[in-house]
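Some notes on the structure that comes next.
Residue numbers (this note's numbering): 551 to 757.
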């Protein structure tokens, strides 16, 4: 597939999310994330943060409309932590305020009580202890057992391949603008706009 925007990229002519002019009334979001790698989320106190200047709303998992899930191929990533945190930096709450500075200041006032759980960094150890975020997914094609039976030579071994999310230069962000008839127009720095559209439809936004 031919890359259609390479020339505009190297010339500095491409329009990115941060280049879009903001309309009056735009709110800015700041994520409050987990300070620990693994634990049970007991409480999330937002009262002091709600009183901060410019704060319009603070969203937690229980406030979300629709599924609290943003995993692509596997449903392994809640948008906001609910009941348990699985890594340091996992989003717990989203602060909406009139300016970016106000949102960041308010997020610092959120307090959480998290009961620490064992931190397991080795996938085989996690599998042995049945401490997986989601069950393993197996991909199968053809009849491997019969294929090996018909081989003159069979070499055995193990190969480890790390997973990696897509990594692109533009920092991720989104700009959502309400439209007429209850719609929502979303500008997003994403490689999968269709997924954004499908999630919008499932949550009641048609535009």
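Even glycine gets a Cβ: it sits at the ideal position worked out from N, Cα and C. Bear in mind that the values here come from a model prediction, so they are computed numbers and not experimental data.
In this structure, what does DSSP give as the bridge partners for residue 735? Along the chain shown, read from residue 1 onward, the residue named residue 735 stands at position 185. Answer by DSSP bridge pairing, in chain order: 727.
7 angstroms Cβ cutoff met for residue 560 and residue 662: Counted from its first residue, the chain shown places residue 560 at position 10. Counted from its first residue, the chain shown places residue 662 at position 112. Contact: no.
Rounded to whole angstroms, what is the Cα-Cα separation between residue 620 and residue 716? Counting from one through the chain shown, the residue named residue 620 turns up at place 70. Counting from one through the chain shown, the residue named residue 716 turns up at place 166. Residue 716 has its alpha-carbon roughly 15 angstroms from the corresponding atom of residue 620.
Is the beta carbon of residue 649 closer than 7 angstroms to that of residue 604? Here residue 604 refers to the residue found at position 54 when the chain shown is read from its first residue. Here residue 649 refers to the residue found at position 99 when the chain shown is read from its first residue. Closer than 7 angstroms, so yes.
Which same chain residues, not among the five before or five after residue 622, have their C-beta less than 8 angstroms away from its C-beta? Numbered from its first residue, the chain shown carries residue 622 at position 72. Cβ within range, chain order: 742, 745.
For the structure I just gave you, are there three or more beta carbon pairs, one from the region 640-659 and one from the region 603-617, closer than 8 angstroms? At 8 angstroms Cβ cutoff, the stretches touch.
Based on the DSSP output, what are the partners of residue 566 in its beta bridges? In the chain shown, residue 566 corresponds to position 16, counting from 1. Note: residue 566 sits in no beta bridge, so no partner.
Is it right to say residue 652 is buried, meaning 16 or more other beta carbons lie within 10 angstroms of its own, or is it exposed? For this step, residue 652 is matched to residue 102 along the chain shown. Buried: at least 16 other Cβ atoms inside 10 Å.
Can you list, in chain order, the residues of its chain whose CB lies under 7 angstroms from that of residue 681, leaving out five sequence neighbours each side? Taking the chain shown and counting its residues from 1, one reaches residue 681 at position 131. Exclusion of the five residues before and after residue 681 leaves 670 as the residues of its chain whose Cβ lies within less than 7 angstroms of its Cβ.
Tell me the start and end of each unbroken beta strand (DSSP E) in the region 613-694 that is at least 3 residues and wholly inside, in chain order. Fully enclosed beta strand (DSSP E) runs of 3 or longer: 641-647, 661-666.
What span of residues does the beta strand (DSSP E) with residue 581 cover, start to end? Within the chain shown, numbered from 1, the residue matching residue 581 stands at position 31. First-last of the beta strand (DSSP E) with residue 581: 578-583.
Going by DSSP in three states, residue 595 sits in which element: helix, strand or coil? One-based indexing of the chain shown puts residue 595 at position 45. Correct three-state label for residue 595: strand.
Given 8 angstroms as the limit, is there contact between the region 632-641 and the region 577-589, that is, 3 or more CB pairs closer than that? With contact defined as three or more Cβ pairs closer than 8 angstroms, the region 632-641 and the region 577-589 are in contact.
Quick test of your reading: residue 631 and residue 591, contact by CB under 8 angstroms. State the CB separation rounded to the nearest angstrom. Here residue 631 refers to the residue found at position 81 of the chain shown. Here residue 591 refers to the residue found at position 41 of the chain shown. Contact between residue 631 and residue 591 holds: their C-beta atoms lie close to 6 angstroms from each other, under 8 angstroms.
To the nearest whole angstrom, what separates the beta carbons of residue 660 and residue 599, a pair I think is in contact under 8 angstroms? Your numbering for residue 660 matches position 110 in the chain shown. Your numbering for residue 599 matches position 49 in the chain shown. Confirmed, Cβ separation roughly 5 angstroms.
What is the DSSP secondary structure of residue 607, counted as helix, strand or coil? Stepping through the chain shown from its first residue, residue 607 is reached at position 57. Note: residue 607 maps to strand in three-state DSSP.
With a CB to CB cut of under 7 angstroms and the five nearest residues on each side skipped, what residues in its chain are close to residue 728? Position 178 of the chain shown, counted from the start, is the residue given in the question as residue 728. Contacts found: 734.
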